[in-house]
Amino acid sequence: INLQKAEFILSAVAPKFFLRDGLPQVAFSGRSNVGKSSVINRLLNRKNFARVGAAPGKTTQINYFKIDNAFYLVDLPGYGYAKVSKAERDRWGKLMESYFADPELMTLGVMIVDSRHKPTADDCTMAQWYREAGCPFVVVANKLDKLKKSQVEPNLQVIRETLELGEGDVVIPFSAEKGTGRQELVSAILASVEG
Ligand code: GDP
């Protein structure tokens, strides 16, 4: 699978637009500004593919990218942006609930958190959604380049505890900026869509 062979397919604003053609789906989620677009760009080795630094939380839509005709990379809308209206938050919740109600579409969740901070309540809810959907997920602890070496292990431990991860759950220390962790994420995704 050539990850650089990526094409944008569509933005779904309602469940009727969800893709259900049997191709596996790898669903990326994260708080606004956590670096989700940057992680996707790094993963695909593309610049400016998924947007970076766009007005956070402005769009309640699910973006589908087809990767080398092998799977869909599903970019779920970011959450936790304070300035979002109640109406938009509700729309976000409905859209996400609908997506997670169809878990057979998902072979892997990629949950992006900020390696500098304790995961938020929203992050914990997100982890719970993947669990309840019965969907395996990996946690990507992004912005690792902003940590001192001595902070890495303690912070990863806080992430594990806060998200209530089990022994077998994978946390990938990652830097979209430097490329750290890319190979581990690639391996997890390929194992999930090829397996
Ligand atoms: P999104 O809202 O989750 O899609 O986040 P973006 O990809 O737009 O990134 C938000 C901000 O964080 C941007 O200014 C990025 O340059 C920055 N950023 C993303 N990943 C990293 C990283 O690994 N290290 C550092 N230092 N900055 C990052």
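Start counting the sequence shown at 3; every next residue gets the next number (the numbering used here). Where is the CB? At the ideal position from N, CA and C, for every residue including glycine.
Buried/exposed call for residue i, threshold 16 Cβ in 10 Å
i	result
residue 104	exposed
residue 125	buried
residue 24	exposed
residue 178	buried
residue 10	exposed
residue 127	exposed
Distance, residue j Cα to residue i Cα
i	j	result
residue 106	residue 98	15 Å
residue 96	residue 77	16 Å
residue 181	residue 44	7 Å
residue 185	residue 15	32 Å
residue 19	residue 52	20 Å
residue 166	residue 64	27 Å
residue 156	residue 74	34 Å
residue 132	residue 102	8 Å
residue 13	residue 22	14 Å
residue 40	residue 69	17 Å
residue 264	residue 129	Nothing can be reported for residue 264: it is not among the residues displayed for the chain, which extend from 3 to 197.
Sheet register partners of residue i (DSSP bridge)
i	result
residue 116	144
residue 9	68
residue 175	143
residue 45	DSSP, once it has assigned bridges, lists no residue as partnering residue 45.
Distance cut-off 7 Å: residue i Cβ against heavy atoms of the ligand NAD
i	result
residue 147	With respect to small molecules bound, the structure shown includes the ligand GDP and not the ligand NAD.
Is the region 76–91 close to the region 142–152, with three or more CB pairs under 8 Å?
no
Please determine if the region 108–117 and the region 138–146 are in contact, where contact requires at least 3 C-beta pairs separated by less than 8 Å.
yes
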